[in-house]
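Here's the structure, in structure tokens; my notes come after.
4 protein chains.
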Amino acid sequence: MTQPIQVTVWNEFRHEKTNEFIRGLYPNGIHAAIADGLDKAGGFKVRSATLDEPEHGLTDNVLSNTDVLIWWGHAAHNAVEDEIAAKVRARVLDGMGLIVLHSAHYSKPFTGLMGTSCSLKWREAGEKERLWVIEHGHPIVEGLGEYFELEHAEMYGEPFDIPEPDTLVLVSWFPGGEVFRSGCCYYRGRGKIFYFRPGHETYPIYYDENVRHVIANASRWAAPGNAPTPVFGNAKPLEPIEEE
Amino acid sequence: MTQPIQVTVWNEFRHEKTNEFIRGLYPNGIHAAIADGLDKAGGFKVRSATLDEPEHGLTDNVLSNTDVLIWWGHAAHNAVEDEIAAKVRARVLDGMGLIVLHSAHYSKPFTGLMGTSCSLKWREAGEKERLWVIEHGHPIVEGLGEYFELEHAEMYGEPFDIPEPDTLVLVSWFPGGEVFRSGCCYYRGRGKIFYFRPGHETYPIYYDENVRHVIANASRWAAPGNAPTPVFGNAKPLEPIEEE
Amino acid sequence: MTQPIQVTVWNEFRHEKTNEFIRGLYPNGIHAAIADGLDKAGGFKVRSATLDEPEHGLTDNVLSNTDVLIWWGHAAHNAVEDEIAAKVRARVLDGMGLIVLHSAHYSKPFTGLMGTSCSLKWREAGEKERLWVIEHGHPIVEGLGEYFELEHAEMYGEPFDIPEPDTLVLVSWFPGGEVFRSGCCYYRGRGKIFYFRPGHETYPIYYDENVRHVIANASRWAAPGNAPTPVFGNAKPLEPIEEE
Amino acid sequence: MTQPIQVTVWNEFRHEKTNEFIRGLYPNGIHAAIADGLDKAGGFKVRSATLDEPEHGLTDNVLSNTDVLIWWGHAAHNAVEDEIAAKVRARVLDGMGLIVLHSAHYSKPFTGLMGTSCSLKWREAGEKERLWVIEHGHPIVEGLGEYFELEHAEMYGEPFDIPEPDTLVLVSWFPGGEVFRSGCCYYRGRGKIFYFRPGHETYPIYYDENVRHVIANASRWAAPGNAPTPVFGNAKPLEPIEEE
Chain X
1 MTQPIQVTVW
11 NEFRHEKTNE
21 FIRGLYPNGI
31 HAAIADGLDK
41 AGGFKVRSAT
51 LDEPEHGLTD
61 NVLSNTDVLI
71 WWGHAAHNAV
81 EDEIAAKVRA
91 RVLDGMGLIV
101 LHSAHYSKPF
111 TGLMGTSCSL
121 KWREAGEKER
131 LWVIEHGHPI
141 VEGLGEYFEL
151 EHAEMYGEPF
161 DIPEPDTLVL
171 VSWFPGGEVF
181 RSGCCYYRGR
191 GKIFYFRPGH
201 ETYPIYYDEN
211 VRHVIANASR
221 WAAPGNAPTP
231 VFGNAKPLEP
241 IEEE
Chain B
245 MTQPIQVTVW
255 NEFRHEKTNE
265 FIRGLYPNGI
275 HAAIADGLDK
285 AGGFKVRSAT
295 LDEPEHGLTD
305 NVLSNTDVLI
315 WWGHAAHNAV
325 EDEIAAKVRA
335 RVLDGMGLIV
345 LHSAHYSKPF
355 TGLMGTSCSL
365 KWREAGEKER
375 LWVIEHGHPI
385 VEGLGEYFEL
395 EHAEMYGEPF
405 DIPEPDTLVL
415 VSWFPGGEVF
425 RSGCCYYRGR
435 GKIFYFRPGH
445 ETYPIYYDEN
455 VRHVIANASR
465 WAAPGNAPTP
475 VFGNAKPLEP
485 IEEE
Chain C
489 MTQPIQVTVW
499 NEFRHEKTNE
509 FIRGLYPNGI
519 HAAIADGLDK
529 AGGFKVRSAT
539 LDEPEHGLTD
549 NVLSNTDVLI
559 WWGHAAHNAV
569 EDEIAAKVRA
579 RVLDGMGLIV
589 LHSAHYSKPF
599 TGLMGTSCSL
609 KWREAGEKER
619 LWVIEHGHPI
629 VEGLGEYFEL
639 EHAEMYGEPF
649 DIPEPDTLVL
659 VSWFPGGEVF
669 RSGCCYYRGR
679 GKIFYFRPGH
689 ETYPIYYDEN
699 VRHVIANASR
709 WAAPGNAPTP
719 VFGNAKPLEP
729 IEEE
Chain V
733 MTQPIQVTVW
743 NEFRHEKTNE
753 FIRGLYPNGI
763 HAAIADGLDK
773 AGGFKVRSAT
783 LDEPEHGLTD
793 NVLSNTDVLI
803 WWGHAAHNAV
813 EDEIAAKVRA
823 RVLDGMGLIV
833 LHSAHYSKPF
843 TGLMGTSCSL
853 KWREAGEKER
863 LWVIEHGHPI
873 VEGLGEYFEL
883 EHAEMYGEPF
893 DIPEPDTLVL
903 VSWFPGGEVF
913 RSGCCYYRGR
923 GKIFYFRPGH
933 ETYPIYYDEN
943 VRHVIANASR
953 WAAPGNAPTP
963 VFGNAKPLEP
973 IEEE
């Protein structure tokens, strides 16, 4: 029997405590809605971790037992300790998958792994979003139609200051006139990273069937296999050489 | 239970009939050695097809029941009917995986899908080949060491006139002074293509454990999922527009 | 003094003869409008070639004296001789730049070099197009704003069945709900290819300042430099090897 | 007349003061040898900046008047102030070109912009290096042969923990059995980055004609043009939308 993929859903988990409207949408936190989607998809063992737990819930033990880390943050990126963000990045380079949702484009793990500002355009007007599939053979889009729609979403628009994705799988259309690279795959070190645009704490995005489907596909794609172990540093020659 | 992946191994299958040394290495054909490797890996249902069968063994029925086509050819690329080669290319764009081995760099399906000459340097001197892993998180290199070696191989060297791979997973070193992009992944249409360098009919390459491991990994990676169906042609607007 | 870049603008040049409205827009042919834009930009020596000339105007002499070939075709792709299309592709692999405009996505030189169907969605409704810059540091977008608009254009929408561009520089937005990768760069052989979406014979697209600016930038980018000459075929070792 | 490209060559400049052998090779510092190469190529206005100057020689005024920054460091990466490294990275995202030489793979500007460890294999044995051209149409390889050689170099080998280059232009071969991606191009923000492997303070690498040729080509490629200015943040709709 295949082992379940161990997913940790990290959530800032503050909006849900301080804002009644958001609590109404996500009474147990955004992480619970995401975990519910993965549970229904099957094949995952999901736990959560949140900002205000000790070590933000990301102890060494949790990180080393996490195949895929899903990250949601919005207003408190700076409250994440640099040391914890660095551990997350190191674990990604060592093979852990990382799925970065929506406003987590500005999170320390993502900006540090991208090396760019990760800035973008945004507008909160409850606009429709239509996400077009760009790379049809990629496992992250399996089972989708040629596009899917979200009735109300925060708009994110280009320019999105990221490295060109290793594979661009989704591009979004917004009625206000913008486009956005909304599904972006990266290989980094032994790990895989997927940035997925949809979300916002004021919309029930993480109950949407297509969004859940993509997150489940991405979690399978990003899960580490038995990756080769790179060996760095001073190296003996593998073939006879004439030393100078 | 997961369905097995249906692999068709296509082989020119002429050297083995005309050259005693080659027949000694591959008494039932190169395709049989490749099929044996997949059988031992498990999870595949393998059949073969060869040049001198009617329609080169690639009837519409065979093609439509093939998840992944492995292609080995060397001296008789021109004997492949244009019409069959076109069918293969169309099936790849429609989702069938394609694994192109060694001298099949000059095969009609591959050159047609790449659009370039696919020319390269070569030398038959029984040199060692060392294949270095470049993209550690890619599923095709799972389970490998940081490199693997083949004691005797035909040399292929850069320049290799291909489009830059969507992902470059392996680069080869040869003692004569050359390097080569020896594991190259492409998305094309709904399909996936993997070019894998090792081979040659005069070496027992397709009995090598690492080579077999890569071919099995690649067959899993290239197998189609439930890819979205692109809709081309005249399109009605999805949003109200003002006609000019 | 820098030598001017020798540009040949190839035009199907049939619509302009048979349709009065189109002739009104492009009285001397689309090629003349494109050439005028390049002349005004400066630094180019422009000639034209058209379908109904002998060898479609693309004699060996013309091709070997062309740095950059701009291609516009729409309704008569099949009237282009296979042999001429093959010569164009070979010249691109040998270093000639190729700029493919709008409906030339289905031209023989482009589909052959891409290896995919190059199919897409389309709609003739005179919609607005907004082209967003995606890769700000690329020479093709120098001097543009963060986006530019065309008031009336034929819509092209994803899926666009092309290889993932080596660099994606522009993405279009359309009011009917579609997006499109409208500026796509490719390295192929020693040459460079740029697909640029805007156009259509029924709109004065090739008089637009931004469109002309992009075509001039692309012509500079695609012009061949002194590219290394690849050496293919049987190669002597560069280092001493032990022959088997 | 074309304005010269303003290049600043940054050098750690410590080995040359403390080690007689290195001082013998580079009596005025590695930066002087690099500057000499650019001066001979022509079209550049070159200045230098070194670690032990105030602000490491990289004042705001110097950075804002630098088109292309060339970076050489080896033993004192940690002595570079975080604040200065951050300014360099910000200037790259704003359009300044960055050329990263040899052991500067571990410099703060480069690792920060890449987001990965940038670790690699190395060996000091005075081996030969042969650099093969991989992307023949790229401006950085103009004027080279299909490969060039350095008689004695420090070996760097894969794995090289970098993001897959946006364009891979050179791959190195070493006699000890290793390969290395030795010419790597990146777009980041409005800027361009080129990593170029050759070097080492104990070899006269920066007097080599081919190395100088590549550095001059790369400086031209990386020089900023008139790049579009991205606009980030809260955005008004460009088209009428229905607010929720």
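Chains as they are written, first to last, in this note's numbering: chain X, 1 to 244; chain B, 245 to 488; chain C, 489 to 732; chain V, 733 to 976.
Even glycine gets a Cβ: it sits at the ideal position worked out from N, Cα and C.
Treat the numbers as computed from the prediction; the structure is a model and nothing was measured.
In this structure, how does DSSP classify T167/X when only helix, strand and coil are distinguished?
The count along the first sequence starts at 1 and reaches residue 167/X at position 167. Of the three classes helix, strand and coil, the one that applies to T167/X here is strand, per DSSP.
Please confirm whether V377/B has its beta-carbon closer than 8 Å to some beta-carbon of chain V.
Numbered from 1 along the second sequence, position 133 holds the residue referred to as residue 377/B. The Cβ of V377/B sits closer than 8 Å to at least one Cβ of chain V.
Per-residue contacts from V68/X into chain B (C-beta, under 7 Å)
The count along the first sequence starts at 1 and reaches residue 68/X at position 68. Below the 7 Å Cβ cutoff, chain B contributes no neighbours of V68/X, its closest Cβ being approximately 12 Å away.
Is there a C-beta anywhere in chain C that falls below 8 Å from the one on D452/B?
As a working mapping, residue 452/B is identified with position 208 in the second sequence. Not one beta carbon of chain C lies nearer than 8 Å to the beta carbon of D452/B.
Chain V within 8 Å of A715/C, Cβ atoms only
Here residue 715/C refers to the residue found at position 227 of the third sequence. In terms of beta-carbon proximity, A715/C lines the interface with chain V, with at least one pair separated by less than 8 Å.
To the nearest angstrom, report how far apart D555/C and Q494/C are at their CA atoms.
Translated into the one-based positions of the third sequence, residue 555/C becomes position 67. Translated into the one-based positions of the third sequence, residue 494/C becomes position 6. Distance between the alpha carbons of D555/C and Q494/C: 5 Å.
Residue ranges of each alpha helix (DSSP H) within the segment 444 to 488 of chain B, 4 or longer:
If we require 4 residues or more, the alpha helix (DSSP H) runs fully inside the segment 444 to 488 of chain B come out as 453 to 466.
Reduced DSSP category for I70/X - H, G, I as helix; E, B as strand; rest coil:
Position 70 of the first sequence, counting from 1, holds the residue named residue 70/X. Note: I70/X maps to strand in three-state DSSP.
Can you list, in chain order, the residues of its chain with a C-beta nearer than 6 Å to that of R367/B? Leave out the 5 residues immediately preceding and following it.
Mapped onto the second sequence, residue 367/B falls at position 123. Counting only Cβ-Cβ distances below 6 Å, and skipping sequence neighbours, we find M399.
Are the C-beta atoms of P897/V and some chain C residue less than 8 Å apart?
The residue given as residue 897/V occupies position 165 in the fourth sequence. Chain C places no beta carbon closer than 8 Å to that of P897/V, leaving this residue out of the contacts.
Can you tell me the Cα-Cα spacing of V659/C and K261/B, whole angstroms?
In the third sequence, residue 659/C corresponds to position 171, counting from 1. In the second sequence, residue 261/B corresponds to position 17, counting from 1. Near 54 Å, if we compare the C-alpha coordinates of K261/B and V659/C.
Are the CB atoms of R212/X and G37/X nearer to each other than 8 Å?
For the purposes of this step, residue 212/X is taken as the residue at position 212 of the first sequence. For the purposes of this step, residue 37/X is taken as the residue at position 37 of the first sequence. Going by C-beta atoms, R212/X is nearer than 8 Å to G37/X.
E874/V at chain C interface by Cβ criterion, 8 Å
Taking the first residue of the fourth sequence as position 1, residue 874/V is located at position 142. Chain C, which has a Cβ nearer than 8 Å to the Cβ of E874/V, makes this yes.
If I measure Cβ to Cβ from Y270/B and keep anything under 6 Å in the same chain, skipping five residues before and after, which residues do I get?
Indexing the second sequence from 1 puts residue 270/B at position 26. Apart from sequence neighbours up to five positions away, the residues of its chain that approach Y270/B with a beta-carbon distance below 6 Å are E260, A277, ordered along the chain.
Where A710/C and P627/C are concerned, what is the direct C-alpha to C-alpha distance, given to the nearest angstrom?
Here residue 710/C refers to the residue found at position 222 of the third sequence. Here residue 627/C refers to the residue found at position 139 of the third sequence. Answer to the nearest angstrom: the Cα atoms are 10 Å apart.
Listing by chain order, which chain X residues have their CB less than 7 Å from the CB of E881/V?
Taking the fourth sequence and counting its residues from 1, one reaches residue 881/V at position 149. Result: empty, since nearest Cβ-Cβ is about 15 Å, beyond 7 Å.
For the segment 857 to 922 of chain V, which segments carrying the beta strand (DSSP E) assignment without a break, of at least 3 residues, lie completely within its bounds, in sequence order?
Runs of beta strand (DSSP E) with 3 or more residues, each lying fully within the segment 857 to 922 of chain V, are found at 879 to 889, 899 to 905, 911 to 920, listed in chain order.
According to DSSP, R779/V sits in a beta bridge with which residue or residues?
The sequence position of residue 779/V within the fourth sequence is 47, counting from 1. Assignment of beta-bridge partners to R779/V by DSSP yields T740/V.
Tell me, which residues are paired with R367/B by DSSP?
Mapped onto the second sequence, residue 367/B falls at position 123. For R367/B, which the question treats as bridged, DSSP gives the partners M399/B.
Is the shortest distance between the beta-carbon of W465/B and the beta-carbons of chain V less than 8 Å?
Within the second sequence, numbered from 1, the residue matching residue 465/B stands at position 221. For W465/B, the answer is no, since every Cβ of chain V falls outside 8 Å of its Cβ.
Please check if any C-beta of chain C sits within less than 8 Å of the C-beta of P481/B.
Reading the second sequence from its first residue, position 237 is the one you call residue 481/B. Output row for P481/B: interface = yes.
When burial is assigned at 16 or more other CB atoms within 10 Å of the CB, is E151/X buried or exposed?
As a position in the first sequence, residue 151/X is number 151, starting the count at 1. By the C-beta density criterion, E151/X is exposed, having fewer than 16 other C-beta atoms within 10 angstroms.
Candidates R464/B, V413/B, V290/B, N478/B: closest to R441/B by CA position:
As a position in the second sequence, residue 441/B is number 197, starting the count at 1. The residue with the shortest Cα to Cα distance from R441/B is V413/B.
Nearest-angstrom Cα separation, counted from E373/B out to E178/X:
What you label residue 178/X is simply residue 178 of the first sequence in a count that begins at 1. What you label residue 373/B is simply residue 129 of the second sequence in a count that begins at 1. For E178/X and E373/B, the distance between alpha carbons rounds to 50 Å.
Can you find a C-beta in chain D that's less than 8 Å from the C-beta of R123/X?
This model lacks chain D altogether; the protein chains it does include are X, B, C and V.
Taking any Cβ of chain C, which residues in the segment 267 to 284 of chain B have a Cβ under 9 Å from it, in chain order?
Residues: none.
Measure the CB-CB distance between G401/B and W316/B and report whether it falls below 8 Å.
Position 157 of the second sequence holds residue 401/B. Position 72 of the second sequence holds residue 316/B. With contacts defined by Cβ atoms closer than 8 Å, G401/B and W316/B do not form a contacting pair.
Where the alpha helix (DSSP H) through V690/V begins and ends
There is no way to answer for residue 690/V, as the model of chain V reaches only from 733 to 976.
Using a C-beta cutoff of 8 Å, does Y195/X count as contacting chain B?
Here residue 195/X refers to the residue found at position 195 of the first sequence. So, not an interface residue.
Cβ shell of G356/B (< 8 Å), same chain only, five flanking positions each side left out
Against the second sequence, residue 356/B aligns to sequence position 112. Contacts found: A329, A330, R333.
Taking just the CA atoms, how far does W620/C sit from F964/V?
Counting from one through the fourth sequence, the residue named residue 964/V turns up at place 232. Counting from one through the third sequence, the residue named residue 620/C turns up at place 132. For F964/V and W620/C, the distance between alpha carbons rounds to 13 Å.
Rounded straight-line distance, which links the Cα of P474/B to that of H56/X
Within the first sequence, the letter at position 56 stands for residue 56/X. Within the second sequence, the letter at position 230 stands for residue 474/B. Between H56/X and P474/B, the C-alpha separation is close to 42 Å.
Quick check: the Cα distance between H380/B and E878/V, rounded to an integer number of angstroms?
Walking along the second sequence from the start, residue 380/B turns up at place 136. Walking along the fourth sequence from the start, residue 878/V turns up at place 146. Rounded to the nearest whole angstrom, the CA to CA distance from H380/B to E878/V is 28 Å.
Which two residues bound the contiguous beta strand (DSSP E) that contains G97/X?
Within the first sequence, residue 97/X is the residue found at index 97, counting from 1. Run containing G97/X: 97 to 101, per the beta strand (DSSP E) assignment.
For chain V, check one thing: does any of its Cβ atoms lie closer than 8 Å to the Cβ of E327/B?
Counting from one through the second sequence, the residue named residue 327/B turns up at place 83. Taking Cβ atoms only, chain V never reaches closer than 8 Å to E327/B, which makes this a no.
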